[in-house]
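Reading through the structure tokens given below for one structure.
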Amino acid sequence: MTSQLVRKLGSASRFPSDHPWITRAGSFKNSQELEEEERFAFLIRKCPNMRVLRQLHAHILTRPLPLSTFSFALSKITVFCALSPLGNIDYARLVFAQISRPSIFSWNSLIKGCSKIQNPSKEPIALFQKLTETGYPVPNSFTMAFVLKACAIVTAFEEGLQVHSRVLKDGFGSSSFVQTSLVNFYGKCEEIGLATKVFDEMPDRNLVAWTAMISGHVRVGAVDEAMGLFREMQKAGVEPDAVTLVSVVSACAAAGALDIGSWVHAYIEKHSVLTDLELGTALVDMYAKCGCIERAKQVFVHMPVRDTRAWSSMIMGFAYHGLSEDAIGVFRQMLEAEVMPDRVTFIGILSACAHGGIVSEGLRFWSLMLECGIEPSVEHYGCIVDLLCRTGLVEEAYRIVTTTNIPSNPATWRSLLKGCKKKKLSNLGEIVARYLLQLEPLNAENYIVISNLYSSVSQWEKMSELRKEMKENDVKPIPGCSSIEVDGVVHEFEMGDQSHPEVKILREFMEEMAKRVWDSGYRPSVSDVLHKVMYEEKEGALGEHSERFAIAYGLLKTRAPVVIRVVKNLRVCGDCHEVIKIISKIYEREIIVRDRVRFHKFVEGTCSCKDYW
DNA sequence: CTAGGGTTAG
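Using full-length UniProt numbering, the letters of the first sequence correspond one by one to residues 1 to 613.
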């Protein structure tokens with residue numbers, strides 16, 4: 001049987017002729033036994049599939065073997081089944097159970113093996129607990145690293161803390177692998193303070209530890225700190241690799257830092273860092289989120305291999321740039337390339353259709369999604385409701401929301417309300433508004449949309465009532481936000497922002513700007529007037545909207561075209577475009593607006609102020 | 001056998 005297998009595996013994998021095991025120190029096994037063990041190890045390692053492995057397993061079970069050889073072979077089978085991509089974790093568990101006293105090696109493999117399956121559970125943690133209870137074999141630093149990784153995957157904070165205390169008790173605190181695992185674990189649990197503490201105490205910070213720190217900070221949105229760590233890392237003479245750069249690029253995406261993002265891209269090319277799937281996807285996402293859809297596309301088309309996530313990020317990019325046709329085109333190419341769309345892909349393509357108001361196509365994608373066996377979730381329903389509302393099919397959308405068994409979602413109801421406003425359906429709007437305010441009474445955006453609805457049907461009394469209600473509930477809108485990058489520094493401005501160091505010069509400049517715009521004959525439209533009524537802004541002033549701060553800063557500080565990013569949906573804000581056009585003309589400067597409608601996420605219960613203009 | 005990575009509606 002064994003020789004048959006050797007033959008089957010072909011001449012390329014001939015059994016090695018050197019015999020290092022004969023000289024292995026401290027072994028009580030005779031060379032014949034050792035030879036047999038090595039033979040098994042070799043065969044198992046070279047197994048082409050599970051079928052052959054099962055045959056080998058059967059062979060081992062039926063042949064009389066010394067106990068030590070038997071256990072050795074079974075532990076090798078456990079390792080193969082648990083860790084090889086060809087393996088099978090269920091089989092690994094089975095074989096593991098057949099070993100009377102599994103070595104720490106087998107335990108480790110099983111712990112690692114069952115944390116890398118697609119639906120990870122706390123099983124590896126339970127295994128570790130069982131291991132520590134029995135007291136044999138003694139865990140080693142590998143065990144600690146694996147179980148910490150398992151805790152990180154399922155963000156089992158309490159369990160991880162206990163492992164950390166064991167690490168210290170058992171003296172594994174000085175292992176750099178264990179330290180790095182701890183940094184990563186705390187980072188995954190969003191416990192940045194604890195991650196930093198472990199990291200600061202590391203005498204030798206390796207690349208992986210730096211990367212874990214950076215990705216941890218990006219995870220909690222501490223983008224500046226992430227970039228600071230990246231700089232510190234380079235100062236410490238540690239060269240980033242592709243994995244590090246994925247986190248750095250993600251940080252740029254989250255910050256909308258196009259300059260730094262482009263610099264990182266240039267770094268990647270200059271240092272010939274291999275742009276794999278993850279890095280490619282991160283770059284596509286970064287360029288799209290920084291408003292540079294052309295470069296996102298450029299990176300995307302140059303990717304040699306694209307998986308579902310790569311395609312999805314490109315589709316999402318087109319979607320939030322309002323380029324529905326491109327999104328649909330890319331989606332078609334994806335299907336042609338026989339890459340399976342997943343639930344995220346459909347969120348992208350449906351939101352693209354919603355942005356473009358392409359109903360028929362959107363509904364077709366919806367059916368396709370069902371055909372693909374994807375259960376529609378809140379997000380998908382949100383897209384389809386938004387699609388119907390934007391194209392005026394509000395009643396149909398309302399029917400879906402009220403008859404489908406999906407959880408009530410403020411955003412979906414807000415889409416309905418916007419649809420009602422658009423079609424001036426005050427009766428349905430009233431019902432929707434009441435429900436929405438019940439669902440989310442502290443979100444200023446809700447009041448603004450409802451107020452817009454009342455004003456569109458001239459129900460002024462209801463509008464002032466609403467204003468009172470808003471005041472009583474002490475609801476204040478979170479201001480819009482715009483940013484501009486000057487010499488690699490991103491300057492963020494909130495509406496009415498006072499915190500910028502040069503705010504005095506800026507304000508003077510803006511007053512002049514407002515005056516010149518006013519003199520040009522521009523007058524605010526209904527929504528600006530509404531804004532004044534609600535927030536008692538000074539008569540005659542243009543309003544210190546965030547993008548005007550950013551433009552003013554750009555005009556003052558650069559000679560290059562002023563590129564600003566706005567956290568608003570410009571497609572519904574005609575006034576913004578108009579003001580910017582006028583400013584551009586007056587100052588004879590090119591002003592480029594990057595629409596960053598989705599780039600900043602506001603916490604629930606706040607307002608993105610889209611209808612604030 | 002150690003540790004770090006990408007896409008998610010409005």
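All C-beta atoms, glycine included, are put in the ideal place defined by N, C-alpha and C.
Everything numeric in this text was worked out from a predicted model, so none of it was measured.
(message) Starting from Ile-564, trace the beta strand (DSSP E) in both directions and tell me its first and last residue.
(response) Its beta strand (DSSP E) spans residues 562-566.
(message) Rounded to the nearest angstrom, what separates Thr-558 and Glu-590 at their Cα positions?
(response) One alpha carbon belongs to Thr-558, the other to Glu-590, and they sit about 11 angstroms apart.
(request) Would you kindly check if the distance between the Cβ of Thr-69 and the Cβ of Glu-37 is under 7 angstroms? (result) Judged by their CB atoms, Glu-37 and Thr-69 are nearer to each other than the 7 angstroms cut-off.
(message) Measuring straight from C-alpha to C-alpha, what distance separates Asp-285 and Cys-481?
(response) Spanning the two alpha carbons is a distance of roughly 21 angstroms.
(request) Assuming Arg-516 contacts Ile-586 (C-beta within less than 8 angstroms), just tell me the rounded distance between them. (result) With a Cβ gap of about 5 angstroms, Arg-516 and Ile-586 count as contacting.
(request) Name the residue from Tyr-287, Leu-182, Ser-272 whose alpha carbon lies nearest to the alpha carbon of Asp-259. (result) Closest by alpha carbon: Tyr-287.
(request) Return the first residue and the last residue of the beta strand (DSSP E) that Phe-493 is part of. (result) From DSSP, the beta strand (DSSP E) with Phe-493 extends over 489-494.
(message) So within the region 345-383, which uninterrupted alpha helix (DSSP H) runs reach at least 4 residues, ignoring any that extend past its ends?
(response) Scanning the region 345-383 from its first residue to its last, the whole alpha helix (DSSP H) runs of 4-plus residues come out as 359-371.
(request) Would you identify the three-state DSSP class for Cys-389, choosing helix, strand or coil? (result) Note: Cys-389 maps to helix in three-state DSSP.
(request) Consult DSSP for Glu-485 and reduce its assignment to one of helix, strand or coil. (result) DSSP, read as helix, strand or coil, puts Glu-485 in strand.
(request) Could you tell me the distance, in whole angstroms, from the CA atom of Glu-551 to the CA atom of Val-249? (result) Looking at the sequence itself, residue 551 is Ile, so the reference to Glu does not match. One alpha carbon belongs to Ile-551, the other to Val-249, and they sit about 26 angstroms apart.
(message) With H, G and I counted as helix, E and B as strand and the rest as coil, what does DSSP make of Ile-117?
(response) Looking at Ile-117 - three-state DSSP - the assignment turns out to be coil, as it is neither helix nor strand.
(request) Taking 7 angstroms as the cut-off, decide whether the C-beta atoms of Ala-310 and Ala-352 are in contact. (result) Ala-352 is positioned such that its CB atom lies no closer than 7 angstroms to that of Ala-310.
(request) Whole angstroms is fine: what's the gap from Lys-476's alpha carbon to Thr-412's? (result) Cα to Cα, Lys-476 sits roughly 21 angstroms from Thr-412.
(message) So, at 7 angstroms on beta carbons, what are the nonlocal neighbours of Ser-499 in its own chain, with the 5 sequence-adjacent residues on each side left out?
(response) Taking Ser-499 as the centre and dropping the five residues before and after it, the same chain places no C-beta closer than 7 angstroms to its C-beta.
(message) Can you find the residues in the same chain that come closer than 6 angstroms, C-beta to C-beta, to Tyr-454, ignoring five residues on each side of it along the sequence?
(response) If we look at Tyr-454 and ignore the five residues flanking it on each side, its Cβ neighbours are Lys-462, Met-463.
(message) Using the Cβ count rule (16 or more neighbours within 10 Å means buried), how would you classify Ser-525?
(response) Because Ser-525 sits at a pLDDT of 48, beneath the cut-off of 50, its placement in the model cannot be relied upon, and the following sentence gives the value as read from the coordinates. Counting Cβ neighbours within 10 Å, Ser-525 comes out exposed, since fewer than 16 surround it.
(request) Please state whether DSSP places Val-593 in a helix, a strand or coil. (result) Of the three classes helix, strand and coil, the one that applies to Val-593 here is strand, per DSSP.
(request) Look at the Cβ atom of Asp-276, then the Cβ atom of Thr-308, and state whether they are nearer than 7 angstroms. (result) Not a contact, by the Cβ cut-off of 7 angstroms.
(request) Please determine, among Leu-34, Gly-87, Val-563, Lys-289, the residue with the shortest C-alpha to C-alpha distance to Val-486. (result) It is Val-563.
(message) Which same chain residues end up closer than 6 angstroms to Gly-278 when comparing Cβ atoms and leaving out the 5 residues on each side of it in sequence?
(response) The residue asked about is misnamed: residue 278 is Glu in this sequence, not Gly. Same-chain partners within the cutoff: Val-246.
(request) Consult DSSP for Val-100 and reduce its assignment to one of helix, strand or coil. (result) According to the sequence shown, residue 100 is Ser rather than Val. Looking at Ser-100 - three-state DSSP - the assignment turns out to be coil, as it is neither helix nor strand.
(request) Decide if the region 84-96 is in contact with the region 109-122; the criterion is three or more beta carbon pairs, one per stretch, under 8 angstroms apart. (result) A contact exists between the region 84-96 and the region 109-122.
(request) Please say whether Met-495 and Arg-548 have beta carbons closer to each other than 7 angstroms? (result) Between Arg-548 and Met-495, the gap from beta carbon to beta carbon reaches 7 angstroms or more.
(request) Kindly list the residues whose CB is nearer than 6 angstroms to the CB of Phe-493, restricted to its own chain and excluding five residues on each side of it in sequence; keep chain order. (result) By the criterion of a C-beta distance shorter than 6 angstroms, Phe-493 is surrounded in its chain by Ser-482, Ser-546, Phe-549, Ala-550, once the five residues flanking it on both sides are discounted.
(request) Taking the CB atoms as reference points, tell me whether Val-52 and Ala-257 lie closer together than 7 angstroms. (result) In terms of Cβ geometry, Val-52 and Ala-257 do not form a close pair [threshold 7 angstroms].
(message) Once the 5 residues before and after His-321 are set aside, which same chain residues still bring their CB inside 6 angstroms of it?
(response) Hits under 6 angstroms: Ile-293.
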